[in-house]
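Inspection log for the structure reproduced underneath, given as structure tokens.
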Amino acid sequence: MYNFNMNISTELFFGEDAELKAGALMRQYGRKILLIYGSRRIFEEGLGQRLVESLEEAGCTVVCRGGVKPNAEIAFIEQTIEIARQENIEGILAVGGGSVIDTAKAVSAGSGYRGSVRELYENPEAEPCKYLPIGAVVTMPASASECNDMSVISDHVTGRKIARPFKGTRPKFALLNPQLTLAISRFQTACGGFDIFSHAFERYFDLTRKSRLLDGMTESLMRTVIEVLPKVLMDPENLEMRGELMLAASAAHSDMLGPGGDFACHEISHVLTEKYGITHGSALAMILPAWCQRMSCAAPERFCRFFERVWGITGSSWEEMISRGIDEMRRFITEIGLPLTIPRGDYTIEELTAAVGTPGGTFARLTEKDVEAILRGFVA
Numbered sequence: 000m001y002n003f004n005m006n007i008s009t010e011l012f013f014g015e016d017a018e019l020k021a022g023a024l025m026r027q028y029g030r031k032i033l034l035i036y037g038s039r040r041i042f043e044e045g046l047g048q049r050l051v052e053s054l055e056e057a058g059c060t061v062v063c064r065g066g067v068k069p070n071a072e073i074a075f076i077e078q079t080i081e082i083a084r085q086e087n088i089e090g091i092l093a094v095g096g097g098s099v100i101d102t103a104k105a106v107s108a109g110s111g112y113r114g115s116v117r118e119l120y121e122n123p124e125a126e127p128c129k130y131l132p133i134g135a136v137v138t139m140p141a142s143a144s145e146c147n148d149m150s151v152i153s154d155h156v157t158g159r160k161i162a163r164p165f166k167g168t169r170p171k172f173a174l175l176n177p178q179l180t181l182a183i184s185r186f187q188t189a190c191g192g193f194d195i196f197s198h199a200f201e202r203y204f205d206l207t208r209k210s211r212l213l214d215g216m217t218e219s220l221m222r223t224v225i226e227v228l229p230k231v232l233m234d235p236e237n238l239e240m241r242g243e244l245m246l247a248a249s250a251a252h253s254d255m256l257g258p259g260g261d262f263a264c265h266e267i268s269h270v271l272t273e274k275y276g277i278t279h280g281s282a283l284a285m286i287l288p289a290w291c292q293r294m295s296c297a298a299p300e301r302f303c304r305f306f307e308r309v310w311g312i313t314g315s316s317w318e319e320m321i322s323r324g325i326d327e328m329r330r331f332i333t334e335i336g337l338p339l340t341i342p343r344g345d346y347t348i349e350e351l352t353a354a355v356g357t358p359g360g361t362f363a364r365l366t367e368k369d370v371e372a373i374l375r376g377f378v379a
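Here it is in structure tokens:
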């Protein structure tokens with residue numbers, strides 16, 4: 000096991016009416032609060048008004064900024080930074096899922112940086128002089144952006160996604176009420192659930208971690224998603240199962256499962272999202288089985304452990320176990336209603352391979368041939 004630093008500083012509040020704590024919590028960080036959200040639906044369903052009332056009762060002045068779209072966009076972020084500066088914002092309350100919280104993080108960091116947002120994210124030496132404190136109300140559990148310091152933004156000029164961690168953007172608190180997830184569609188629930196699974200999966204295949212404890216915790220989380228996600232899809236009103244999924248989301252992509260991760264599959268998914276407009280979790284559902292198919296021969300013992308302890312697969316040889324395991328993973332993906340393949344459309348395999356490049360992870364740096372083989376595993 001290598002040396003590492005683990006920081007789990009976000010305070011989580013879980014349960015019914017958790018969102019009503021927003022005002023008192025945000026008031027600790029300032030009086031002028033920027034409320035960032037996606038669509039007006041949060042006000043139509045009453046959540047937005049409850050949050051505004053909670054903030055105002057705590058003595059805060061609220062500035063609302065809606066309109067966040069999937070995949071946090073640089074242009075929107077830069078406009079919001081200007082609003083934050085003009086309004087002398089002292090704190091940000093983000094209401095939504097990963098895109099909303101990532102937007103809040105970019106605004107938090109960008110408000111304390113005098114260069115462009117693009118420069119801030121592309122230059123690893125660029126650092127803000129200050130950050131706006133963030134609180135999060137989660138309505139779409141998947142990314143765990145509510146309790147980590149990572150954010151991903153979209154540059155529509157270059158067509159790229161840019162990811163960067165900023166320690167100062169880790170939310171101070173996150174409010175998790177499973178009731179706020181009831182409006183999520185079946186498809187988005189499935190996508191979010193598989194995204195949760197993939198975060199644990201990519202940590203598990205970081206072969207540098209070498210920790211029995213972290214392996215066991217990660218295996219448990221993946222088994223939980225496999226058990227709980229179909230139950231949520233069959234019974235969308237089941238708040239107990241939704242709560243399990245919500246907690247799994249926060250645990251899977253924060254320091255709760257320890258540091259590290261391979262994340263080559265995530266890098267491939269960013270290209271698919273940009274080229275085809277595919278939802279992130281749906282892209283990962285195509286990629287992970289194809290990645291296993293291509294890379295399993297590099298560490299067969301690890302894959303056998305994964306398929307035995309997470310999927311309950313046995314076999315007389317590692318080849319049999321891995322083959323049966325990949326089949327079971329694909330069966331599960333089909334069960335939750337996500338596709339395993341995508342039509343090639345306007346792009347050749349060669350063009351997609353070039354766009355992906357050779358992602359370097361802690362399992363292995365993918366070669367061009369690896370990437371092409373993985374893409375051929377699901378691009379029809």
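Position one of the sequence shown corresponds to residue 0 (numbering that gives the first Met the number 0), numbered consecutively onward.
Just so it is clear, CB atoms sit at the ideal spot from N, CA and C, and this is done for glycine as well.
Which of helix, strand or coil DSSP assigns to residue i
{"i": "C128", "result": "coil"}
{"i": "E236", "result": "coil"}
{"i": "E349", "result": "helix"}
{"i": "E86", "result": "coil"}
{"i": "D154", "result": "strand"}
{"i": "R113", "result": "coil"}
{"i": "I100", "result": "helix"}
{"i": "D16", "result": "coil"}
{"i": "I76", "result": "helix"}
Residues that residue i bridges to, as DSSP identifies them
{"i": "M328", "result": "Looking at the DSSP assignment, M328 forms no beta bridge with any residue, so it has no partner."}
{"i": "F172", "result": "E10, G134"}
{"i": "K31", "result": "T60"}
{"i": "P177", "result": "Answer by DSSP bridge pairing: none, since P177 is not bridged."}
{"i": "M149", "result": "P164"}
{"i": "Y36", "result": "V94"}
{"i": "G359", "result": "R364"}
{"i": "A71", "result": "I152"}
{"i": "V106", "result": "Its beta-bridge partners do not exist; DSSP assigns none."}
{"i": "I225", "result": "BP columns for I225 are empty, so no partner."}
{"i": "V378", "result": "I341"}
{"i": "R159", "result": "D154"}
Closest by C-alpha distance to residue i, when choosing among the options
{"i": "A57", "options": "R26, S219, L50", "result": "R26"}
{"i": "I225", "options": "A284, V61, H269", "result": "A284"}
{"i": "N87", "options": "A93, V94, T79", "result": "T79"}
{"i": "R241", "options": "H252, T223, S253", "result": "T223"}
{"i": "E18", "options": "F306, Q178, S295, F262", "result": "Q178"}
{"i": "F305", "options": "A372, T217, L228, L238", "result": "T217"}
{"i": "A108", "options": "E81, V94, G95, I7", "result": "E81"}
{"i": "K166", "options": "A199, T157, R185, Y130", "result": "Y130"}
is_contact[residue i, chain B] using C-beta, thresh 7 Å
{"i": "G45", "result": "Going by chain labels, chain B is absent from the structure shown, which holds only one protein chain."}
Beta-carbon spacing of residue i, residue j below 7 Å
{"i": "L213", "j": "G257", "result": "yes"}
{"i": "A135", "j": "V151", "result": "no"}
{"i": "R64", "j": "L33", "result": "yes"}
{"i": "I76", "j": "A103", "result": "no"}
{"i": "L374", "j": "I348", "result": "yes"}
The ligand FMN heavy atom lying under 6 Å from the CB of residue i
{"i": "M25", "result": "This structure simply doesn't include the ligand FMN, nor any ligand for that matter."}
- Query: Mind pulling the alpha helix (DSSP H) runs of 4 or more residues that sit fully within the region 238-269?
  - Reply: 238-251
- Message: Going residue by residue through the region 273-320, where are the continuous alpha helix (DSSP H) segments of at least 4 residues, counting only ones entirely within it?
- Response: 279-294, 299-310
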